[in-house]
Amino acid sequence: MNKPRPSSRSLDTSLNEGLVVASHGRHCVVETPVGDRVICHPRGKKLAVVVGDRVRWQPSQDEGTIEKISPRRNLFFRQDEVRTKSFAANLDQVLILVAAEPEFSEHQLARALIAAEAEHIDPLIVLNKADLTAPFASAWKRLASYRDMGYTVLPLAAKAGSHAALPEGRSDGNGLSSLVERLQDRTTLILGPSGAGKSTLINRLIPGASAQTREISQALNSGKHTTTSTSWYWVDTSRRTALIDSPGFQEFGLRHIDPMQLAAYMPDIKPHVANCRFYNCTHTHEPGCGVLPAVESDSGAGTISAARYKIYTTLFDELTANQG
Ligand SMILES: Nc1nc2c(ncn2[C@@H]2O[C@H](COP(=O)(O)OP(=O)(O)O)[C@@H](O)[C@H]2O)c(=O)[nH]1
Ligand SMILES: [Mg+2]
Ligand SMILES: [Zn+2]
66 MNKPRPSSRS LDTSLNEGLV VASHGRHCVV ETPVGDRVIC HPRGKKLAVV VGDRVRWQPS
126 QDEGTIEKIS PRRNLFFRQD EVRTKSFAAN LDQVLILVAA EPEFSEHQLA RALIAAEAEH
186 IDPLIVLNKA DLTAPFASAW KRLASYRDMG YTVLPLAAKA GSHAALPEGR SDGNGLSSLV
246 ERLQDRTTLI LGPSGAGKST LINRLIPGAS AQTREISQAL NSGKHTTTST SWYWVDTSRR
306 TALIDSPGFQ EFGLRHIDPM QLAAYMPDIK PHVANCRFYN CTHTHEPGCG VLPAVESDSG
366 AGTISAARYK IYTTLFDELT ANQG
């Protein structure tokens with residue numbers, strides 16, 4: 066016997082589909098499947114949308130109301146003592162852009178990588194300003210242990226007209242085409258400290274990006290010149306490759322991470338955890354710890370550098386102090 070069918074169409078299918086491409090306070094911009102953009106307001110205070118969210122929305126006059134957020138594949142966020150801040154959802158990749166100058170903080174880099182690992186998002190490290198030969202060479206060396214851990218590190222000279230002798234015999238002049246290849250058909254969040262060249266890179270890949278941002282900011286703030294915190298850009302006209310720009314990561318906190326999981330998010334430390342005598346080893350003082358004997362002042366593949374171990378203990382202390 067056939068089950069009775071529901072007599073009315075489900076609410077879901079009667080709503081429009083859309084993608085959140087900008088958000089500011091209680092407003093956001095939703096892009097329709099054909100590429101139109103509509104200012105929307107989430108229904109109810111509990112519906113917190115972020116850039117990258119797939120939503121169902123309902124038109125109301127010339128604006129819209131978001132009724133529902135589709136389940137997220139992942140949600141990249143930072144959290145500190147004061148507030149939790151979501152960056153973006155449904156990412157394929159996080160590009161961490163650092164530069165030869167200003168000198169980057171390895172601690173900040175490690176934090177961003179851990180946050181990406183925790184959400185199972187592929188990280189990609191890019192070292193910019195390859196044209197600044199001497200500082201670039203030393204920064205490239207500082208990243209050696211990250212290459213040994215298995216991270217991809219790409220050299221780049223994002224500024225137009227800057228050319229450089231790239232490491233490892235790369236021949237594409239400024240590194241742009243190798244990077245573009247890695248971005249193809251994916252959604253990539255760009256993170257990096259101020260001055261690393263994020264805006265330069267985005268404007269290089271997407272001419273008119275800054276004008277587009279201004280336009281969206283003005284629409285969201287009724288003409289006021291404030292910038293949205295996070296913006297989505299299509300790199301290609303077929304809208305398959307996307308970049309998401311976000312503010313710098315100065316106050317990048319990791320409070321949402323379980324300290325006992327921290328070692329699993331650090332690829333140089335993780336393999337040694339299997340050798341620990343105690344299942345709940347914190348790798349700080351325990352007898353029979355597999356991590357401690359792998360820490361060497363002179364780093365190389367298969368070992369843990371003293372600097373990386375220091376990052377581990379600093380973060381572990383910070384995360385355990387936050388508990389309770
Ligand atoms: N020498 C050099 N300077 C660059 C390069 N890329 C960006 N810059 C400069 O670095 C500064 C900061 O760049 P910007 O894109 O504003 O960085 P953001 O703060 O990360 O958005 C600017 O003065 C850029 O012109 C590069 O490849 N080589
Ligand atoms: Mg910028
Ligand atoms: Zn241990």
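At position 297 of the sequence shown (counting the first as 1) the number is 362 in the working numbering, and the numbers step up by one without a gap. The beta carbon of each residue, even a glycine, is placed where N, CA and C say it ideally should be.
Please state whether DSSP places residue i in a helix, a strand or coil.
i	result
Glu166	coil
Ser242	helix
Arg119	strand
Ala180	helix
Phe381	helix
Leu357	helix
Asn193	strand
Ala113	coil
Phe201	helix
Ile271	coil
Ser370	strand
Thr265	helix
Lys206	helix
Val300	coil
Val99	coil
His337	helix
Asp213	helix
For residue i, is the beta carbon positioned less than 8 Å from some heavy atom of ligand 3?
i	result
Glu128	no
Phe381	no
Leu357	yes
Cys105	no
Asp385	A quick correction: the sequence has Thr, not Asp, at residue 385. Because no heavy atom of ligand 3 lies under 8 Å away, the Cβ of Thr385 does not count as near it: no.
Val360	no
Thr378	no
Phe169	no
Thr368	no
Val116	no
Comparing the CB of residue i with every heavy atom of ligand 2, is any distance shorter than 8 Å?
i	result
Lys110	no
Lys263	yes
Ser282	no
Ser296	no
Ser56	Outside the shown range of the chain (66 to 389) lies residue 56, about which nothing can therefore be said.
So, is residue i buried or exposed, given that buried needs 16 or more other C-beta atoms within 10 angstroms?
i	result
Asn155	buried
Val114	buried
Lys194	buried
His348	buried
Asp250	exposed
Ala225	exposed
Arg373	buried
Thr198	exposed
Pro107	buried
Val188	Position check: residue 188 holds Pro in this sequence, whereas Val was assumed. It counts as buried.
Pro220	buried
Asn345	exposed
Ser210	buried
Phe343	exposed
Asn239	buried
Ser303	exposed
Arg279	exposed
Ser88	buried
Short of 8 Å in beta carbon distance, which residues of its chain neighbour residue i, apart from the five on each side in sequence? Order them along the chain.
i	result
Ile179	Leu319, Ile322, Leu327, Tyr330, Met331 and Leu380
Phe141	Ser151, Phe152, Ala153, Ala154, Leu156, Val159, Ala180, Ala181, Glu184, Ile186 and Leu254
Ser75	No answer about Ser75 holds up, because its pLDDT of 48 lies below 50 and its placement is not dependable.
Ser170	Pro258
Ile309	Val116, Gly117, Phe152, Ala153, Leu156, Thr252, Thr253, Leu254, Ile255, Thr295, Ser296, Trp297 and Tyr298
Leu384	Leu319, Arg320, Ile322, Asp323, Pro324 and Leu327
Glu361	Thr368, Ile369, Ser370 and Ala371
Gly215	Pro332
Pro352	Arg342
Thinking residue i and residue j are a contact (beta carbons under 8 Å), I'd like their distance in whole angstroms, please.
i	j	result
Ile253	Leu160	It should be pointed out that residue 253 corresponds to Thr in this sequence rather than to Ile. About 5 Å separates the two Cβ atoms, so the contact holds.
Ile376	Asp333	Not confirmed; about 10 Å, so no contact.
Arg269	Ala223	6 Å
Ile281	Val94	6 Å
Glu96	Gly83	6 Å
Comparing the CB of residue i with every heavy atom of ligand 1, is any distance shorter than 8 Å?
i	result
Thr253	no
Ala164	yes
Ser227	yes
Leu231	no
Leu390	Because the chain is modelled from 66 through 389, residue 390 falls outside the range shown and cannot be assessed.
Leu221	yes
Ala307	no
To which residues of the same chain is residue i closer than 6 Å at the C-beta, ignoring the five residues directly before and after it?
i	result
His337	Gly355, Val356 and Ala359
His290	In this prediction, His290 scores a pLDDT of 49, lower than 50, which makes its location untrustworthy; the coordinate-derived value is nonetheless stated afterwards. Closer than 6 Å at Cβ, skipping near neighbours: no residue.
Ser227	Asp196
Lys133	Arg121
Thr217	Leu189
Asp213	Ala366
Val86	Val94, Glu96 and Trp297
Residues in the same chain with beta-carbon distance under 7 Å from residue i, minus the five sequence neighbours each way, listed in chain order, please.
i	result
Thr378	Thr349
Lys263	Leu162, Ile255, Gly257 and Asp310
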